[in-house]
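Asker: Reminder that position 238 of the sequence shown reads as 237 in numbering that gives the first Met the number 0, one-by-one numbering, no gaps. Right, I'll just put the structure down here and ask away after.
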Amino acid sequence: MPSQKFLARLKERIAERPGAPALRWRDVTITYSDLARMVDDATAELASSGLQRGERVAVSADKSPELVVLLIALWRAGHTVVLPSRDLGSAALAMLANAAGVSRLVTPSPVLSEPTRPEGVYHAPPAGDSLLILTTSGSTGVPKLVPLSPRGVDNFFDWAATAFDIRPGARVLSYAPLNFDLSLLDVWASLAGGATVTLVEPQFATDGSYLAHLVDSHRITVVQAVPMVYRLLADLSIGPVWFPDVQHVVVTGDSAPPRLLPELARMFPAARRYNLYGCTETNDSTMYEITDAAERQLPIGSPLPGVDTRVITCDGDLLDGPGSGELWVSTPFQASGYLDPNVTRDRFVPHGDTVFYRTGDVVHRDEHGVLTLEGRADFHVKVRGARTNMAEVEHVIQRHPDVAEVAVVAVPDDLAGNVLHAVVSRREGSALNSLKLRQLCMEGLARTAIPTTITIVDEALPKTSTGKVDRTAVKTRYTERI
0 MPSQKFLARL KERIAERPGA PALRWRDVTI TYSDLARMVD DATAELASSG
50 LQRGERVAVS ADKSPELVVL LIALWRAGHT VVLPSRDLGS AALAMLANAA
100 GVSRLVTPSP VLSEPTRPEG VYHAPPAGDS LLILTTSGST GVPKLVPLSP
150 RGVDNFFDWA ATAFDIRPGA RVLSYAPLNF DLSLLDVWAS LAGGATVTLV
200 EPQFATDGSY LAHLVDSHRI TVVQAVPMVY RLLADLSIGP VWFPDVQHVV
250 VTGDSAPPRL LPELARMFPA ARRYNLYGCT ETNDSTMYEI TDAAERQLPI
300 GSPLPGVDTR VITCDGDLLD GPGSGELWVS TPFQASGYLD PNVTRDRFVP
350 HGDTVFYRTG DVVHRDEHGV LTLEGRADFH VKVRGARTNM AEVEHVIQRH
400 PDVAEVAVVA VPDDLAGNVL HAVVSRREGS ALNSLKLRQL CMEGLARTAI
450 PTTITIVDEA LPKTSTGKVD RTAVKTRYTE RI
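What follows is the structure in structure tokens.
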């Protein structure tokens, strides 16, 4: 992956276990020696394609073995790779490429490249020694470019290998797209550790039966996914499923509803189960091991080894002891900033000798130092003068067993300042209506926090490429119906 140490580790794995499976895709098994040969072939194609060594490129393609191979070949040739979301339209992709200083868009074998600007190679903004630039999910705004630190990536690999037993013989499910930071664990740390990576085909990513078959037939030992994936498995109409080979289950990327926890215990009886919190800018920051399936609200846990946290109150003061505020983190894995230095100054804040990242997440810290996510700082709005946490409203609505997904958005209102609208995706076959949900809100929320309207839909809510609910799309699509 994006460091010379990764390439060295991969070379060691190839030499030690050439016949061991590296990648599984459909019905094909690619061994470590196969992977080495494919990377050599791709490297030769790159050399004949006109790319200059070290040139910054963008790669936009669906996940496949060929994409994994291309990325390794590009890193071996010293290229810095920008991995944008596949959901970006052509205009948005062009804007991102321009901001990143990308000269060419490269696609997998046969290796093809085309200039992204007519004048040829553009002077790229400095990215330090990074070989990989990811983008943020865009779930709360325009995606930002994040050059990953090779040292940070190496530190993360070391931690992940120990935390989740990533070693020869481990079998890891790769669900997330490669542009999502979850792939640092699912793909790159796994290959560096000599494990076997089973790649999920993007077109079947929402097919619970397909996912269950992969986990079962490939005897997966490590699963990391957003809550939606575990919901797909739990809701299978074929009846209860369970996966006795899985040893580590990681819930990440979004808040997990409490009712999912008993399902995790049932489906993965032999596994240790974790709630892992982090973001693209810092990688993983805190973790909570789930031992009580009856948790009413799942904590994000305590800082990982080497991680420093601060909780900053709404008045800008450092909180000592229990209380709520914005979470600031500094991790051994984090980026040094965004590609845009102006955005960096707003989010990466020096504090003594340490640089903290302002997550924008509001947390509560209890007397034991355990953190629980309360929502986004930008999910707080004023409704009739009262500060209202939209994440709390979602949490109350999510308690109803027939709610599959919910998003609460604020719409400006001349009288109230803002009014809240809830969009709820109900479970298949459910007769859930807005009256039942309104009663639930009246019982669990302050009057000002009760949504003005509740829209019930039978389709899944729009998602970002990383599987999070796309609130901007929700607001655009559903508030027009009100």
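Even for Gly, the Cβ is constructed at its ideal location relative to N, Cα and C.
Kindly indicate which three-state DSSP category residue 424 falls into: helix, strand or coil?
Answerer: Looking at residue 424 - three-state DSSP - the assignment turns out to be strand.
Asker: Start and end of the beta strand (DSSP E) containing residue 132?
Answerer: Its beta strand (DSSP E) spans residues 131-134.
Asker: Given residue 459, which residues of its chain have a CB within under 8 Å of its CB, disregarding the five upstream and five downstream residues?
Answerer: Counting only Cβ-Cβ distances below 8 Å, and skipping sequence neighbours, we find 205, 403, 404, 424.
Asker: Three-state secondary structure (DSSP) at residue 29?
Answerer: In the structure shown, residue 29 sits in a strand (DSSP, three-state: E or B).
Asker: Nearest by alpha-carbon distance to residue 391: which of 256, 176, 282, 215 is it?
Answerer: The residue with the shortest Cα to Cα distance from residue 391 is 256.
Asker: I'd like to know if the segment 215-222 and the segment 40-49 are in contact, where contact means that at least 3 CB-CB pairs between them fall below 8 Å.
Answerer: As far as the Cβ criterion goes, the segment 215-222 does not touch the segment 40-49, which means the pair count is below three.
Asker: Identify which residue in 284, 274, 354 has its Cα closest to the Cα of residue 302.
Answerer: Answer by Cα proximity: 284.
Asker: Would you call residue 334 buried or exposed, if buried means 16 or more other Cβ atoms sit within 10 Å of its Cβ?
Answerer: Flag for residue 334 reads buried.
Asker: Step through the CB atoms of chain B and report whether any lies within less than 8 Å of the CB of residue 238.
Answerer: In the structure shown, chain B cannot be found, because there is only a single protein chain.
Asker: Mind checking residue 197: buried by the 16 CB within 10 Å criterion, or exposed?
Answerer: So residue 197 ends up on the buried side.
Asker: So, at 8 Å on beta carbons, what are the nonlocal neighbours of residue 122 in its own chain, with the 5 sequence-adjacent residues on each side left out?
Answerer: Caution applies to residue 122, whose pLDDT of 43 falls short of 50 and renders its modelled position unreliable; the model cannot decide the point.
Asker: For the beta strand (DSSP E) containing residue 24, name the first residue and the last one.
Answerer: Here the beta strand (DSSP E) through residue 24 covers 20-24.
Asker: Reducing DSSP to helix, strand and coil, say where residue 455 ends up.
Answerer: Residue 455 falls in the strand class under three-state DSSP.
Asker: What residues are listed by DSSP as bridge partners for residue 274?
Answerer: Per DSSP, 250, 287.
Asker: Pairing CB atoms from the segment 75-84 with CB atoms from the segment 51-65, are three or more of them under 8 Å?
Answerer: Segments in contact, yes.
Asker: In the DSSP assignment, find the beta strand (DSSP E) that holds residue 208 and state where it starts and stops.
Answerer: No beta strand (DSSP E) contains residue 208, which is instead part of the alpha helix (DSSP H) from 207-216.
Asker: Who does residue 419 pair with in a DSSP beta bridge?
Answerer: Paired residues: 409.
Asker: Taking its Cβ as the centre, do 16 or more other Cβ atoms sit within 10 Å of residue 117, making it buried, or is it exposed?
Answerer: Reliability of the predicted coordinates at residue 117 is poor, the pLDDT of 37 falling under 50, and no value is obtained from them.
Asker: Tell me which residue opens and which closes the alpha helix (DSSP H) that residue 475 is part of.
Answerer: Here the alpha helix (DSSP H) through residue 475 covers 470-477.
Asker: Taking the alpha-carbon positions, what's the residue 138 to residue 435 distance?
Answerer: Only weak support exists for where residue 138 lies, its pLDDT of 49 falling under 50; the coordinates are left without a value.
Asker: Classify residue 260 as helix, strand or coil using the three-state DSSP reduction.
Answerer: Looking at residue 260 - three-state DSSP - the assignment turns out to be helix.
Asker: Please determine, among 21, 148, 266, the residue with the shortest C-alpha to C-alpha distance to residue 185.
Answerer: Of the candidates 21, 148, 266, the one whose C-alpha sits nearest the C-alpha of residue 185 is 21.
Asker: I need the straight-line Cα distance from residue 418 to residue 231, nearest angstrom please.
Answerer: Spanning the two alpha carbons is a distance of roughly 32 Å.
Asker: Taking 7 Å as the limit between beta carbons, can you name the residues of its chain near residue 17, skipping five residues before and five after?
Answerer: Excluding positions up to five away in sequence, the list reads 30, 31, 32.
Asker: Taking residue 242 and residue 203 to be in contact with their CB atoms under 8 Å, please state how far apart those CB atoms are, rounded to whole angstroms.
Answerer: Residue 242 to residue 203, Cβ: 17 Å. No contact.
Asker: By Cβ distance, which residues of its chain are closer than 6 Å to residue 69, with the 5 residues on each side in sequence left out?
Answerer: Excluding residues within five positions, the ones whose Cβ falls inside 6 Å are 41, 107.
Asker: Give the straight-line distance between the Cα atoms of residue 226 and residue 363, rounded to the nearest whole angstrom.
Answerer: Spanning the two alpha carbons is a distance of roughly 21 Å.
Asker: Might you give, ordered along the chain, the residues of its own chain that have their beta carbon closer than 6 Å to the beta carbon of residue 431, omitting 5 neighbours on each side?
Answerer: Around residue 431: 401, 425.
Asker: By the three-class DSSP mapping on this structure, what secondary structure does residue 78 have?
Answerer: Coil, per DSSP.
Asker: Just tell me which of 280, 290, 281 has its CA closest to the CA of residue 274.
Answerer: Selected option, being the one with the closest Cα: 290.
Asker: Is the CB-CB distance between residue 102 and residue 129 below 8 Å?
Answerer: Taking 8 Å as the Cβ cut-off, residue 102 and residue 129 do not qualify as a contacting pair.
Asker: For the alpha helix (DSSP H) that residue 342 lies in, which residues bound it at each end?
Answerer: 340-346 is the span of the alpha helix (DSSP H), which, as asked, contains residue 342.
Asker: Can you look up residue 536 in the DSSP assignment and give me helix, strand or coil?
Answerer: Only positions 0 to 481 of the chain appear in this structure, which leaves residue 536 out of reach.
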